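These notes concern the structure reproduced below.
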């Protein structure tokens, strides 16, 4: 009897796991945050080497394609659950027969086969699931849209938009170890690189870099119990650097050394100008932000403020 | 194209597999919905039956129920009325035609007032055949129709055998080991009757009509011995089961071992059951002390296990009964806890109503013209009407289930095909004009220079540097390819590593990503 209860309990757990897996597939439950508590976004990498209109149209098309794929899958999300219940119905035929004293397992076997089919279908549908677009995707599009009329005719934007993730192993810039032999990884994610020749002859280069720090998981012996315990990895913080270089067209502009609207230490939106150089006809500065996320308005605001260092020559 | 076709090909293969499996199950008859049930017609108190048989012993047209325990011999008529009840001390019985009237008589070997005696009960009349016999405590008795004439062979609890003629005169004596005789059966050699006998201390012998051993052998301590001509060739096979699980099949002709297997538990019962309905060979079922049940077939040279099953306690009785009237027998098995189960030809177990005490004997026969199964447990003897019912056409349900599964598989394939391919998440928006491509090329070179500068400054090290560099060089290679595609002249500055496929700058001697030496 105990063995029967034990086996029954294990089977019930399996059935519940399958049920909730299929239910979550049907309800399209939002993917949980990753181990570091960050929401995962769609990992996109876009090379930019085209005219503003083409890029923006391409970005819109990509978004439409993603939504179309998702919606095509969404239409059928309840089907695995229905197949699951058809399987349950088949199994009940055998239970019904057993209640009348007939021993039969053929419908139970058929039900299990349908459950397997439902799981396979649910997996197929989940494969069509895509994460949400990062806010940076729309933000970058807005930057490109804002700057589109400032671009020199017949020139293109150059650069890339890398939204594959800030904490990838390929983005570890360096590592360090503390006195307790714990490893901390420093990530450098240059997620936006943009170069544009502007209408006024200037060349604008913008790099948005997210710098993150993460302590890797490690084993530690408990002082009380003496057992070895695994400590999870820990996100230690992030910040943003916005590196901008404006090569001024000497025929049109002169660069002033100072401006009340743009100087070192000045706060502009979420950014603070941390380095500034106006040597050699090039405005080069780094604006830093302690925030994890910076909006496109902040980036545009910094670039606009930097333009206050340029003074148009008299005609 | 393949995205649309491959799921359907996979689905088609799966559907074929499902339908083949369904067809195998459907047409092999492996899937059935059958149930066995029973109702008690009459019941009489009778404790610990040792021997029981439905047989005509009164000389009328009807069969009676003969039953014997450790102190009594009783005959019930078809309705459960007692026709005869005679008490004995230590009786052992057998059935056989002693007086030559072509009807079975009851032969009782017992301890009487004048020592060990033999009674013959014929048509309800008791007649003492022999008294004061020089033999020990009764263990077994058998009536054998040798070619030279019938004999009654008595076996005692110390391995002694005494043969009597039908007048009750001793013919010969023999000794098989020194412990209780645990089996006496008639064995054929070349179609001639012989006596197979076995004692608890493991001695097995085949004797002729003069009490001379044709052969004998010794094995582990023995619980059961039966002799059957399993393949109807005129030579019997002798099946033994040991105290420690040794299971042998001997050739009655010379005692050679035809089959042996360790059962893992003491063998408590062996019976012949016609399980497969093929009359030229018979199957036998072995029961174990821990509830194991094994069915064997015999092909004339060796035995082969057909299936195995189990009960929850020591198997005390096995009986072959054709319950469903299909020409093959089912093995009705009882255990010491009172459970009775019907094992069909393929080993499927169906439980009958259990008894409150251990099952002692099971037999089948016609009483009052009706076919009944008689079950004797520790305290009563029950005459049961066993019924069998099955759902007609159920064997084809695997095909129905197969069709349902196949339909679901095809629906799933159609749905998965209807979902468009996931869009590529690494995209490139590239203007194909020469100026644009050249600008992009410049930008990429600037970016590579930036990465190099960062590495020199120590801001980026290791994998991150290589990963970034690999991506930029890849983009540079794409740019060169775009130049070529557009027909613009370009000086190629990248090569691909033949080992890892990574893009490298022309002139490099070693791949930075995988370490491959380059000969270019």
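Residue numbers (our numbering), protein chains in the order written: chain A, 1 to 315; chain B, 1001 to 1520. Even glycine gets a Cβ: it sits at the ideal position worked out from N, Cα and C. Predicted model, so just to flag it, every value in this text is computed and none were measured.
- Under the three-state reduction of DSSP output, residue 132 of chain A falls in the coil class, being neither helix nor strand.
- DSSP places residue 17 of chain A inside the alpha helix (DSSP H), whose first and last residues are 2-27.
- Residue state for residue 1343 of chain B is assigned as strand, using DSSP reduced to three classes.
- Along the stretch 72-86 of chain A, the positions whose C-beta sits under 9 Å from a C-beta of chain B are 72, 73, 75, 76, 79, 80, 83, 86, read in chain order.
- Residue 212 of chain A carries a strand assignment under DSSP once its states are collapsed to helix, strand and coil.
- Close to residue 184 of chain A, with beta-carbon spacing below 7 Å, lies no residue of chain B; the smallest spacing is near 14 Å.
- Beyond the five residues adjoining it in sequence on each side, residue 1516 of chain B comes within less than 6 Å, by CB distance, of 1497, 1499 in the same chain, given in chain order.
- For residue 230 of chain A, the closest of A:298, A:194, A:217, A:240 by C-alpha to C-alpha distance is A:217.
- Here the C-alpha atom of residue 1239 of chain B lies approximately 21 Å from the C-alpha atom of residue 1146 of chain B.
- The C-alpha of residue 1338 of chain B is placed about 13 Å away from the C-alpha of residue 1382 of chain B.
- Spanning the alpha carbons of residue 298 of chain A and residue 139 of chain A requires a straight line of approximately 10 Å.
- A straight-line Cα-Cα distance of about 22 Å links residue 1135 of chain B and residue 1126 of chain B.
- Chain B has a Cβ within less than 7 Å of the Cβ of residue 124 of chain A.
- In the three-state DSSP reduction, residue 1161 of chain B falls in the strand class (E or B).
- Contacts with chain B (Cβ-Cβ distance below 8 Å) from the stretch 97-129 of chain A involve 97, 100, 101, 102, 103, 104, 106, 107, 109, 110, 113, 114, 117, 120, 121, 124, 125, 127, 128, listed in chain order.
- Residue B:1389 holds the alpha-carbon nearest to the alpha-carbon of residue 1036 of chain B among B:1389, B:1507, B:1459.
- At least 7 Å separates the beta-carbon of residue 135 of chain A from that of residue 1425 of chain B.
- Taken through DSSP and simplified to helix, strand or coil, residue 1128 of chain B comes out as strand.
- Shown here, residue 1348 of chain B sits in coil according to DSSP, grouped into three states, outside any helix or strand.
- Check the Cα spacing between residue 1016 of chain B and each of B:1402, B:1437, B:1272, B:1452: the tightest is with B:1402.
- Contact of residue 1293 of chain B with chain A is not assigned, every C-beta pair being separated by 7 Å or more.
- Per DSSP, residue 1370 of chain B is one residue of the beta strand (DSSP E) stretching across 1370-1377.
- Contact between residue 1052 of chain B and residue 1363 of chain B is confirmed by a C-beta separation of about 5 Å, below the 8 Å threshold.
- Look at residue 108 of chain A here: in three-state DSSP terms it is helix.
- Secondary structure of residue 44 of chain A (DSSP, three-state): coil.
- In the three-state DSSP reduction, residue 126 of chain A falls in the helix class (H, G or I).
- Rounded to the nearest angstrom, the gap between the Cα atoms of residue 1494 of chain B and residue 1475 of chain B is 10 Å.
- Under the Cβ distance rule, residue 1443 of chain B counts among the residues neighbouring chain A, one pair being separated by less than 7 Å.
- The stretch 1078-1086 of chain B makes contact with the stretch 1114-1132 of chain B: 3 or more CB pairs, one atom from each, lie closer than 8 Å.
- Per DSSP, reduced to three states, the secondary structure at residue 307 of chain A is helical.
- With respect to chain A, the C-beta atom of residue 1337 of chain B has no partner C-beta closer than 7 Å.
- Using a Cβ distance threshold of 7 Å, residue 1008 of chain B and residue 1413 of chain B count as a contacting pair.
- Counting only runs of at least 4 residues, the stretch 1247-1327 of chain B fully encloses no alpha helix (DSSP H) element at all.
- Per DSSP, residue 232 of chain A is not a residue of any beta strand (DSSP E), being assigned neither H nor E.
- According to the DSSP assignment, residue 1244 of chain B belongs to no beta strand (DSSP E), since it is labelled neither H nor E.
- Contact between the stretch 74-90 of chain A and the stretch 116-127 of chain A is present: three or more C-beta pairs spanning the two stretches fall below 8 Å.
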